[in-house]
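Below: one structure, written as structure tokens.
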Amino acid sequence: MPRRGRHRRRAFVCAVAALTWMSAACAAPEGSGGDTGDDGLVLAAAYEDESLHPLLGHGQEGASKIFDGLYDYDAHRELRPALAAGPARASEDGLTWTVPLRRDVRFHDGSAFTAADVVATYRALADPRYAATVASEYEMIDSVRAVDGHTVRFGLVHRYAPLPHKLTLGIVPAESLDPGPGAEPEPLHTSSFGSHPVGTGPYELAEWRKGDRMVLTANDDHWGGRPAVRTITVVFAGDDNTRAQRLRAGEFDGASLPPALADTLRDLDGYRVVHHRTADYRAVTLPTRHPVTGDLAVRRALNHAVDREGMIDAILAGHGRPASTPIPPVLEQLHEPSSAFPFDRSEARRILDGAGWRTGDDGVRSRGGTRAAFTLLYPADDGVRKLFAQAFASDARAVGIDVRLEGLGWEAIEPRMARDAVVLGGGNPFEPDLVAYPLLHSSYGGDGYNNPGFYSDSDVDDALDRARTASSPGPRTRAYRDVQRELRDDPGFVFLAFLDHSYVLRDAGWRGYRPVVEPHTHGLTWGPWWNVQNWTAAS
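Per numbering that gives the first Met the number 0, residue 0 is the first one in the sequence shown, and the count goes up by one each step.
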């Protein structure tokens, strides 16, 4: 499966990013269309999705409410079968994997789930006519075929030990990908399926008034059982302060908020604030094709110049941890502590001086007629990223580098990422290859949000390749630690922090909430409601 497509997960990633929710007895917000009753939840979302199609990024890391993958994750971040009937079995050479499928599954439209649906879903990734935006992340899959009606076999381009982690992608009905007799497949973004999805998940889409709300209703025939939470109404409210005010007014059962703002609602009667640890990093890309950020000395100096702990205290109210690589501390033995950059502005100035960057009368350095200045982009509707951008610019200025800030929409940011820096987010606590390889490997240079700044280091490439093809844990661990040590010598980013995700929840009505370590993806997929289909009514 050749690498193609662009990585555009922001919509559902962040998207129903405010859902949460622990309680039932809540009147629907004014204008949302009525009371949900005692068996539904009303949640506030910070962002609205663009599409609910799995091949366009929805639910890629499992926990979708509308779709099931072959596998998903439990509360301990361990893979467990979903549409699969058991573990995936690898051949001795690691080049084929066989997956048994459940026999008791139906799609929301009543049609039976079979191996043909799995084959169609994964083959569509390989067909450029569908323009699946996540296709490049499945380049290790060479083929998929049905062994029988309830068994599929994946053939790989090369040994890839973490393949089961790639099998959390939501499965769609084969019919939804069939263009019809004599017709050519069309790009998925033109399909109505993204707005009218049919999955096998515990909930199905009942209504979507774009710009206003989304309503999900329970799938009584779900293979995992009948959900007790019967409806989930998602109200789109992008402004952080607006969500907080409406929470105080009792309009929502829950919402995600920036950590500092969430903490201001600790006194709200009947609600509680929870903070989930995550692998969700914020980082500043340093494009290698820019005359300033392309200089290794500048990249090293900036990594020493930023006060990560200060940013976490000031921006996140202490709810986060410093970051230096995309591999988070929650991955324990795979994380390399020595990769951290000490906050040391004297060292940053020494590095810049040694590389010939001289300070001018205005306090900004230059070298050979090139001013030490570059532009940093951030999404204008993301208050936390804006604060990170401002703090980064202030720290950079302290060592003589001028960072100009621009807040834009993602549609304006993406075409500029090869030359301009951007405050990037990503990460997951499950498997490092899923994030580190597309972010850092040179083969992904310029592939949308995968390695947008064309970072390239042959030693990093080699270590990443060794890690994904290793046949045992020891060499794999050593390879990932090598990746992080090489990143310290040749950083292509300034990783700032792993954020906590913060939520305000109505504290009554349901049992079943379990805190989890979250990926960057939250909203309707992860968050406190990651297992909402298993909640039960409080007595």
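Where is the CB? At the ideal position from N, CA and C, for every residue including glycine.
Taken in chain order, the complete beta strand (DSSP E) segments of 3 residues or longer contained in the region 97-165 are 140-147 and 150-155. R288 carries a coil assignment under DSSP once its states are collapsed to helix, strand and coil. Taking C-beta separations shorter than 7 angstroms and ignoring five residues to either side along the sequence, the partners of L333 in its chain run I326, P431, T476 and Y479, following chain order.
C-alpha of H275 to C-alpha of S255: approximately 11 angstroms in a straight line.
Excluding sequence positions up to five before and after H157, its CB lies within less than 7 angstroms of the CB of M139 and T468, all in the same chain and listed in chain order. In this structure L168 does not touch A130 by the C-beta definition: roughly 16 angstroms separates them, more than the 8 angstroms allowed. Here the alpha carbons of G56 and Y72 stand approximately 17 angstroms from one another. Here the C-alpha atom of S110 lies approximately 58 angstroms from the C-alpha atom of V297. The three-state reading of DSSP puts F391 in helix, counting H, G and I together. In this structure, A347 and A300 form a Cβ contact; the two beta carbons are roughly 4 angstroms apart against a cut-off of 8 angstroms. The C-alpha of R265 lies about 51 angstroms from the C-alpha of R152. Bounds of the beta strand (DSSP E) holding T374 are A372 to P378.
About 6 angstroms separates the beta carbons of R247 and L267, which is inside the 8 angstroms limit, making them a contact pair. Contact check for P514 against V228 fails: the beta carbons are separated by 8 angstroms or more.
Residue state for Y479 is assigned as helix, using DSSP reduced to three classes.
Apart from the 5 residues on each side of it in sequence, F492 sits with its Cβ closer than 7 angstroms to the Cβ of A282, V283, T284 and L285 in its chain, given in chain order. When C-alpha distances from R245 are compared across D458, A44 and A354, the shortest belongs to A44. Scanning the region 405-432 for uninterrupted alpha helix (DSSP H) segments of 4 residues or longer gives 409-412, listed from N- to C-terminal end. With contact defined as three or more Cβ pairs closer than 8 angstroms, the region 489-506 and the region 311-325 are in contact.
Look at S457 here: in three-state DSSP terms it is helix.
If you check the CB distance, V329 and P428 come in under 8 angstroms. DSSP places A296 in the helix class (H, G or I) of the three-state scheme. By the neighbour-count definition (other C-beta atoms within 10 Å, threshold 16), V146 is an exposed residue.
DSSP places L439 in the helix class (H, G or I) of the three-state scheme. Taking a cut-off of 8 angstroms for Cβ pairs, the region 189-205 and the region 58-71 touch, as three or more such pairs fall below it. Between T369 and P518, the C-beta gap is not smaller than 8 angstroms, which leaves the two residues out of contact. Rounded to the nearest angstrom, the Cβ distance from L433 to H164 is 6 angstroms, consistent with a contact under 8 angstroms. If one requires a minimum length of 4 residues, the alpha helix (DSSP H) runs lying completely within the region 230-258 are 239-247, in chain order.
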